[in-house]
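In this note's numbering, the protein residues as written are 3 to 78.
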């Protein structure tokens, strides 16, 4: 692991410290988890944009998925 230094607003640091004290985590652990979540959300947003662009370029055609409609029907 690497040690880094960062600048953070006073109010944000106070909020982090409140959460850290309640959760029993360290600032570092909390920050690592927040960064991992932010990276994951960023990657997901990129994939969503690619998917949207793909459907704009190649829209779903009428009946394209109709073969699968019977497969989705639940039978008791």
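Backbone N, C-alpha and C define an ideal beta-carbon position, used for all residues, glycine too. Please read these numbers as outputs of a predicted model, since none were measured by experiment.
Any heavy atom of the ligand ZN closer than 7 Å to the CB of residue i?
i: residue 42; result: Ligands in the displayed structure: none, and consequently the ligand ZN is not present.
Tell whether a beta-carbon distance below 8 Å holds between residue i and residue j.
i: residue 21; j: residue 32; result: yes
i: residue 18; j: residue 29; result: yes
Using three-state DSSP, classify residue i as helix, strand or coil.
i: residue 60; result: coil
i: residue 33; result: helix
i: residue 72; result: helix
i: residue 1; result: Nothing can be reported for residue 1: it is not among the residues displayed for the chain, which extend from 3 to 78.
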